[in-house]
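In the numbering used here, the protein residues as written are 42 to 171.
Working notes, beginning with the structure itself.
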Amino acid sequence: MKRPSRSALIVSDSAPLRRYAAAALEAGGFICAEAANGFHAMDRFRHTRFALYVIDLDMPPSDGLSMFAITFRANEDERAPAVIGCTRSGGAPSDGPWSDERIFSTLLPTPFRPQQLLEAAEAALQTAAH
42 MKRPSRSALI VSDSAPLRRY AAAALEAGGF ICAEAANGFH AMDRFRHTRF
92 ALYVIDLDMP PSDGLSMFAI TFRANEDERA PAVIGCTRSG GAPSDGPWSD
142 ERIFSTLLPT PFRPQQLLEA AEAALQTAAH
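As C-alpha cells, this is what we get:
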C-alpha cells in the first residue's frame, strides 16, 4: 500500500494534543488524520498507510493501544514508517506495547512547541527514507 509522502496520523486520547499537533504539522505542509484511541488508529491503519505516525505513549493500553502496536508491527511493509512517540516522561516506555525503542524514529517530550514537532517530523521522515 502506497503512502502519501506528507501524510500523518496523530494518535492520542487527548483532543487538545491531537488538534495542536495537527495544526503544527499542517502548517508544515502535512495532511493529517486523527485517531482518539488505539481501536480507531487500527481502523485508520487498515485503510491507509501514513508517512508519519505521532503516537501519544501516555494513553492507556486498554483503549486499544496494545492492539494497534501489534497490528502496526505485524503490517510494516518493506520501508518502516516514521514514528514519533510523545510522552510526558520524555523517555521510551520501559514496558507495554511500545517498549521496543527501535519502533521510534524519535521520542518527543510533551508539551512541545510546534517547531519542535515539525523538526522531529522532518528528521523522522529523512531517517525512514534510508
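Ideal Cβ positions, reconstructed from N, Cα and C, are used throughout, including at glycine.
Note that the coordinates shown come from a computational prediction; the quantities given were computed from them, not determined experimentally.
Alpha-carbon spacing of residue i relative to residue j, whole angstroms
i	j	result
residue 170	residue 98	24 Å
residue 82	residue 52	7 Å
residue 159	residue 96	14 Å
residue 166	residue 88	21 Å
residue 80	residue 127	18 Å
residue 55	residue 77	7 Å
residue 191	residue 111	The question about residue 191 has no answer, for the chain in this structure spans 42 to 171.
residue 65	residue 125	14 Å
residue 71	residue 47	5 Å
residue 101	residue 168	28 Å
residue 164	residue 153	16 Å
residue 73	residue 63	6 Å
Helix, strand or coil at residue i according to DSSP, with G and I counted as helix
i	result
residue 64	helix
residue 48	strand
residue 57	helix
residue 108	helix
residue 101	coil
Alpha helix (DSSP H) segment containing residue i, residue limits
i	result
residue 168	155 to 170
residue 79	79 to 88
C-beta contact flag for residue i and residue j at 9 Å
i	j	result
residue 144	residue 113	yes
residue 69	residue 162	yes
residue 58	residue 151	yes
residue 155	residue 61	yes
residue 91	residue 149	no
Residue span of the beta strand (DSSP E) that contains residue i, given as start and end
i	result
residue 96	93 to 97
residue 126	123 to 128
residue 72	72 to 76
residue 150	147 to 150
Cβ-based burial, residue i [other Cβ within 10 Å; buried from 16]
i	result
residue 67	exposed
residue 75	buried
residue 146	buried
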